[in-house]
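Below is one structure; the comments refer to it alone.
There are 4 protein chains.
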Amino acid sequence: MATKTAPDSSRRSERSRRAIYDAALALISEAGYAKTTIEGIAARAGVGKQTIYRWWSSKAEVLLEAFVDMGERNMAAAAEAAGTDPASVRALPDTGDLAADLKHVLRATVDELNDPAFEAPYRALAAEGIVNRELSARVVEQLLEPGLQLYVDRLRAAQESGAVRAEVDPRIALELFVSPLAQRWLQGTGELSHAYADALVDYALGGLSPR
Amino acid sequence: MATKTAPDSSRRSERSRRAIYDAALALISEAGYAKTTIEGIAARAGVGKQTIYRWWSSKAEVLLEAFVDMGERNMAAAAEAAGTDPASVRALPDTGDLAADLKHVLRATVDELNDPAFEAPYRALAAEGIVNRELSARVVEQLLEPGLQLYVDRLRAAQESGAVRAEVDPRIALELFVSPLAQRWLQGTGELSHAYADALVDYALGGLSPR
Amino acid sequence: MATKTAPDSSRRSERSRRAIYDAALALISEAGYAKTTIEGIAARAGVGKQTIYRWWSSKAEVLLEAFVDMGERNMAAAAEAAGTDPASVRALPDTGDLAADLKHVLRATVDELNDPAFEAPYRALAAEGIVNRELSARVVEQLLEPGLQLYVDRLRAAQESGAVRAEVDPRIALELFVSPLAQRWLQGTGELSHAYADALVDYALGGLSPR
Amino acid sequence: MATKTAPDSSRRSERSRRAIYDAALALISEAGYAKTTIEGIAARAGVGKQTIYRWWSSKAEVLLEAFVDMGERNMAAAAEAAGTDPASVRALPDTGDLAADLKHVLRATVDELNDPAFEAPYRALAAEGIVNRELSARVVEQLLEPGLQLYVDRLRAAQESGAVRAEVDPRIALELFVSPLAQRWLQGTGELSHAYADALVDYALGGLSPR
DNA sequence: CTTTAATCGAGACGGTACGTCTGGTCTTGTG
DNA sequence: CACAAGACCAGACGTACCGTCTCGATTAAAG
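Chains as they are written, first to last, in the numbering used here: chain G, 1 to 211; chain S, 1001 to 1211; chain Z, 2001 to 2211; chain H, 3001 to 3211.
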């Protein structure tokens, strides 16, 4: 039986890949995910439809890769601007004051989530992920997990310095302030402000009960 | 210019409405949101397509109403089974022990979220809501808000009894345990267990910092 | 078994009938037969759709009756204007000169066929009749036959006066000049002029072969 | 403004074209013109609807081409059967006896018009042509004109041999026997028999007046 | 360097669903 | 009961995309 021969990636056109990423992100920002079609991406990128179907299996996959690619380029640019190596760019600060450090990062996250350029494609990815488990796993793994791990690291450090109780599970702990933020952004259930971010940190660290 | 005259809702066929709700929920459970089509709903319901387009403007709207309707019927059934009036069915318990009460409700929520029958349509609605702000607002208002208000009420009662600090904003406080649950369910970032629900309540009430 | 009870024509609204005739003729002139819909006629006439379906079985039937009605009113008006009784209005002239008489009538027919107001509805009727045998029979019987009979009468008179050979069948003979006219009008295969009408009469009466 | 680019006819699927012609003719014979739908043709032909819309602009156009194609194939088949070249197949006979020649051809036409297989599609085409001038012109030009030209040629020959008066216009003369035939067929105003065809020729050639 | 085979842009193809329009029936007051 | 109004089921309309499938015309690797 003749198996569908896999494409030879060594002969792949870098030119087309770039054009497809650019077209995909542009269209999703302009018209939204639902109105973005593979046909539209191909036309905008000046590429045959088959070239897309050859390398990706769905619209969501194209978007995910385009998004990851954008993230990598942004990070490389930031690292270059900062004159440091890329790895250190995303690390959480550790000034010794856990609350201040968390507020600092969460405020930055709030600003990022409020950035309209960021909005459309990421929303699209989030929405698709809810319904498409396989994609969701890749989104979490490639886009979210690295960021979450930084919180885990910082909380572990805080546990060693005694700022956080030792028996607390950092994976659950970080959700106390990260998930409310994400949820508000996804569902639009409330404003995303620096004050809100601060409140989340205060409540989560100090607890709701009187001490 | 002749404005498209709105349909006369007093002449609406209750029979068709029911059939459409049933067909929509059935198809979404069987095939998922993306593969459910208006044409399919109409065919399954034994209804003309126009009858759907006359009363709803999108697939998402049909689903939302079908879902709200299902909720109302379930609640009415539950109230009848319990022999009480519908209003009291969804009220949070108040045994005096806030942590126990919250764990009780959150565990029930975990069970509900893990129920496969509940899964498909609600996921579909959530996904659509992320990308469709107008729908999202209606989902929040009609499906989520009533439930969240119960938390606010319970937390206010706890503040009066001194179990929660007076300066805490209940709207934010409830997100500490509700949002992480929702987030895990939406993104599949972790298991949804009773133990997890308990941990969220403990962390949120007691805080992460040592006391 | 309950037979579909026939409508009681004694209670029929004359008002509606008139309005429907007027609306049908107006719409067919404005938009053509194909774009004229029962729905449109009802709306234009300010009448319920059922009122049309109750009394007519098809769009073509409505048009036919509207057309017959229009003819009757026109004829009555002409008779009144001429101060004679309606029956004599459509009679062919008999001056003793058959060729002249036929040319006179055919020229009038040419003028009528070239009248744009006449065009659309009659074309529509003709087209529908080609495909709808039952309608065609009624069109022929109610609209065409009376006119053709006049030719038969005139030709019979000519046979008695010796102007036409006795063994000629008048029903076939009249087709020699009437059918070419009708055909050109239906198919647009050539101009419809007085000269053409004259030529038809000359050729038909005198024959094509030399004598 | 991006003009809707015309399809590339060199890449057209001959297979589909055939299947569409066959399906169109079959459906029109079975159900008539009005009940034949583009959707139905596509389904019957095992073809996407777009493939029809890509190459034809209306149901009438499809039918016209299907009909022309059928005619060409029939003629080619006849030529092959006769062992002669296609051009000579449709030529009118010239035995020197004009009346006999015309009767021969008209009788054949009568038989053809009475053939049920021929009936439905051609009626449909004729009906549409009456209302659709653009189509009518193409029908006349592609289907009728070639046949009519043969009469013109034969009549010209007759004029040279003295069998027809020199001042007669052949284009008009042929209508004397062709149009009545067409008219009877279209309107069902009378039987189509060999005797009728003969009478038309006799009347037209000899004239109605005594000599 | 060719040669040659896979990728490329392009777009026709068989399909599915869209949202609209109309047909013909049924229902609901009103006169 | 006929009527105006219009909701109903049904299904065709013409359009937009889907994912697959040819087509030459570049490429880029292996000869």
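A virtual CB, placed ideally from N, CA and C, is assigned to each residue, including glycine.
(message) Does any residue of chain H have a CB that is nearer than 9 Å to the CB of Q2142 (chain Z)?
(response) Locating residue 2142 (chain Z) in the third sequence gives position 142, where the first residue counts as 1. Judged by the 9 Å Cβ criterion, Q2142 (chain Z) is not in contact with chain H.
(message) Classify D1101 (chain S): buried if its beta carbon has 16 or more other beta carbons within 10 angstroms, exposed otherwise.
(response) Position 101 of the second sequence, counting from 1, holds the residue named residue 1101 (chain S). When all chains shown are included, D1101 (chain S) counts as buried.
(request) Let me know the alpha helix (DSSP H) ranges lying completely inside the region 70-153 of chain G, each 4 residues or longer, listed in chain order. (result) Taking only runs of at least 4 residues, the alpha helix (DSSP H) segments lying wholly in the region 70-153 of chain G are 86-89, 98-113, 116-131, 133-139.
(message) Is the separation between the beta-carbon of S3010 (chain H) and that of L3135 (chain H) shorter than 9 Å?
(response) Position 10 of the fourth sequence holds residue 3010 (chain H). Position 135 of the fourth sequence holds residue 3135 (chain H). Not a contact, by the Cβ cut-off of 9 Å.
(request) Quick one: give me the first and last residue of the alpha helix (DSSP H) that R3165 (chain H) is part of. (result) Residue 3165 (chain H) sits at position 165 when you count from the first residue of the fourth sequence. Counting along the chain, R3165 (chain H) falls outside any alpha helix (DSSP H), and DSSP gives it neither H nor E.
(message) Using a 10 Å radius around the Cβ and a threshold of 16 neighbouring Cβ atoms, would you call R2154 (chain Z) buried or exposed?
(response) Here residue 2154 (chain Z) corresponds to residue number 154 of the third sequence, with the count starting at 1. Buried is the call here.
(request) Pull up the distance between the alpha-carbon of L92 (chain G) and that of Y151 (chain G), whole angstroms please. (result) Position 92 of the first sequence, counted from the first residue, corresponds to residue 92 (chain G). Position 151 of the first sequence, counted from the first residue, corresponds to residue 151 (chain G). The alpha-carbon atoms of L92 (chain G) and Y151 (chain G) are separated by roughly 7 Å.
(request) Could you confirm whether any beta carbon from chain Z is found closer than 9 Å to the beta carbon of D3229 (chain H)? (result) There is simply no residue 3229 (chain H) to check, as chain H begins at 3001 and stops at 3211 in what is shown.
(request) Measuring alpha carbon to alpha carbon, tell me which of Z:A2157, Z:D2111, Z:A2060, Z:R2171 ends up nearest L2148 (chain Z). (result) Looking up residue 2148 (chain Z) in the third sequence gives position 148. Of Z:A2157, Z:D2111, Z:A2060, Z:R2171, the residue nearest in Cα terms is Z:R2171.
(message) With three or more C-beta pairs closer than 8 Å as the rule, is the region 3072-3083 of chain H touching the region 3024-3044 of chain H?
(response) Short answer: they don't touch.
(request) Could you name the residues of chain G that G1032 (chain S) contacts, counting a contact when the two beta carbons are closer than 8 Å? (result) One-based indexing of the second sequence puts residue 1032 (chain S) at position 32. The answer, in chain order, is V131.
(request) Compute the Euclidean distance between the alpha carbons of V1047 (chain S) and S1016 (chain S), then round it to the nearest angstrom. (result) In the second sequence, counting from the first residue as 1, residue 1047 (chain S) sits at position 47. In the second sequence, counting from the first residue as 1, residue 1016 (chain S) sits at position 16. Taking the straight line from one Cα to the other gives about 7 Å.
(message) With a threshold of 9 Å between beta carbons, is R2184 (chain Z) in contact with chain H?
(response) Position 184 of the third sequence, counted from the first residue, corresponds to residue 2184 (chain Z). Output row for R2184 (chain Z): interface = yes.
(request) State the start and end residues of the unbroken alpha helix (DSSP H) segment that holds P180 (chain G). (result) By 1-based counting over the first sequence, the position of residue 180 (chain G) is 180. Start and end: 170-187.
(request) Work out the CA separation of D1202 (chain S) and S1209 (chain S) for me, nearest whole Å. (result) Position 209 of the second sequence, counted from the first residue, corresponds to residue 1209 (chain S). Position 202 of the second sequence, counted from the first residue, corresponds to residue 1202 (chain S). When rounded, the distance between both Cα atoms is 12 Å.
(request) Check whether the Cβ atoms of E61 (chain G) and Y21 (chain G) lie closer than 9 Å to each other. (result) Counting from one through the first sequence, the residue named residue 61 (chain G) turns up at place 61. Counting from one through the first sequence, the residue named residue 21 (chain G) turns up at place 21. No, these two residues do not count as a Cβ contact at 9 Å.
(request) Look at W50 (chain G) and I1130 (chain S) and say whether their C-beta atoms are less than 9 Å apart. (result) To locate residue 50 (chain G), count along the first sequence from 1; it is residue 50. To locate residue 1130 (chain S), count along the second sequence from 1; it is residue 130. Residue identity differs from the one stated: residue 50 (chain G) is Gln in this sequence, not Trp. Not a contact, by the Cβ cut-off of 9 Å.
(request) Kindly list, in the order they appear in chain G, the residues whose Cβ is closer than 8 Å to that of D1169 (chain S). (result) Stepping through the second sequence from its first residue, residue 1169 (chain S) is reached at position 169. Within chain G, the residues near D1169 (chain S) are A199.
(message) Under DSSP, the alpha helix (DSSP H) around T1051 (chain S) begins and ends at which residues?
(response) The sequence position of residue 1051 (chain S) within the second sequence is 51, counting from 1. Here the alpha helix (DSSP H) through T1051 (chain S) covers 1049-1055.
(message) Could you compute how far the alpha carbon of D1097 (chain S) sits from the alpha carbon of P121 (chain G)?
(response) As a working mapping, residue 1097 (chain S) is identified with position 97 in the second sequence. As a working mapping, residue 121 (chain G) is identified with position 121 in the first sequence. Near 44 Å, if we compare the C-alpha coordinates of P121 (chain G) and D1097 (chain S).
(request) Pull up the CB-CB distance for G3207 (chain H) and L2205 (chain Z), whole angstroms please, since I reckon it's below 8 Å. (result) Within the fourth sequence, numbered from 1, the residue matching residue 3207 (chain H) stands at position 207. Within the third sequence, numbered from 1, the residue matching residue 2205 (chain Z) stands at position 205. Correct: roughly 6 Å between the Cβ atoms.
(request) Answer yes or no: do I2041 (chain Z) and Y2053 (chain Z) have a C-beta to C-beta separation smaller than 9 Å? (result) Start at 1 with the first residue of the third sequence, and residue 2041 (chain Z) comes out as number 41. Start at 1 with the first residue of the third sequence, and residue 2053 (chain Z) comes out as number 53. No, Cβ-Cβ distance for I2041 (chain Z) and Y2053 (chain Z) is not below 9 Å.
(message) If we define contact as Cβ-Cβ less than 9 Å, is P2180 (chain Z) a contact residue for chain H?
(response) By 1-based counting over the third sequence, the position of residue 2180 (chain Z) is 180. By this cut-off, P2180 (chain Z) is an interface position.
(request) Output, in chain order, the set of chain H residues within a Cβ distance shorter than 8 Å of G2188 (chain Z). (result) As a position in the third sequence, residue 2188 (chain Z) is number 188, starting the count at 1. By Cβ distance, chain H contributes R3133, S3136, A3137, V3140.
(request) Would you mind working out which of H:A3108, H:A3019, H:W3055, H:A3034 sits nearest T3005 (chain H), comparing C-alpha positions? (result) For the purposes of this step, residue 3005 (chain H) is identified with residue 5 of the fourth sequence, where counting begins at 1. Out of H:A3108, H:A3019, H:W3055, H:A3034, H:W3055 has the C-alpha closest to the C-alpha of T3005 (chain H).
(request) Out of S:P1007, S:A1195, S:R1012, S:D1008, point me to the one whose CA is closest to R960 (chain S)'s CA. (result) The structure shown does not extend to residue 960 (chain S), since chain S is modelled only from 1001 to 1211, so the question has no answer here.
(request) State yes or no: is the beta carbon of I2038 (chain Z) nearer than 9 Å to at least one beta carbon in chain H? (result) Taking the third sequence and counting its residues from 1, the one referred to as residue 2038 (chain Z) is at position 38. No, I2038 (chain Z) does not count as interfacial toward chain H.
(message) Helix, strand or coil for E191 (chain G)? Go by DSSP, reduced to three states.
(response) For the purposes of this step, residue 191 (chain G) is taken as the residue at position 191 of the first sequence. Looking at E191 (chain G) - three-state DSSP - the assignment turns out to be coil, as it is neither helix nor strand.
(request) Just tell me which of H:A3197, H:A3082, H:V3110, H:L3125 has its CA closest to the CA of Q3142 (chain H). (result) Within the fourth sequence, the letter at position 142 stands for residue 3142 (chain H). Among H:A3197, H:A3082, H:V3110, H:L3125, the Cα nearest to that of Q3142 (chain H) belongs to H:L3125.
(request) Please list the partners that V2105 (chain Z) has in chain H, where partner means a Cβ-to-Cβ separation under 7 Å. (result) By one-based count along the third sequence, residue 2105 (chain Z) stands at place 105. By Cβ distance, chain H contributes nothing, its closest Cβ being about 15 Å from V2105 (chain Z), past 7 Å.
(message) When you compare the CB of G71 (chain G) with every CB in chain S, is at least one pair closer than 9 Å?
(response) For the purposes of this step, residue 71 (chain G) is taken as residue 71 along the first sequence, with counting starting at 1. It does not; no Cβ of chain S falls within 9 Å.
(message) Judging by CA-CA distance, which residue of G:L113, G:A127, G:L144, G:R156 is the nearest neighbour of D94 (chain G)?
(response) In the first sequence, residue 94 (chain G) corresponds to position 94, counting from 1. Considering only alpha carbons, the answer is G:R156.
(request) May I ask which residues mark the beginning and end of the alpha helix (DSSP H) holding A2042 (chain Z)? (result) Counted from its first residue, the third sequence places residue 2042 (chain Z) at position 42. Where A2042 (chain Z) is concerned, the enclosing alpha helix (DSSP H) stretches over 2038-2045.
(request) Using 10 angstroms around the beta-carbon of E1175 (chain S), count the other beta-carbons present and answer buried if the total reaches 16, otherwise exposed. (result) Mapped onto the second sequence, residue 1175 (chain S) falls at position 175. Label assigned to E1175 (chain S): buried.
(message) Using CA atoms only, rank isn't needed, just tell me which of H:S3193, H:P3007, H:R3138 is closest to K3103 (chain H).
(response) Position 103 of the fourth sequence holds residue 3103 (chain H). Comparing Cα-Cα distances from K3103 (chain H) to each of H:S3193, H:P3007, H:R3138, the minimum goes to H:S3193.
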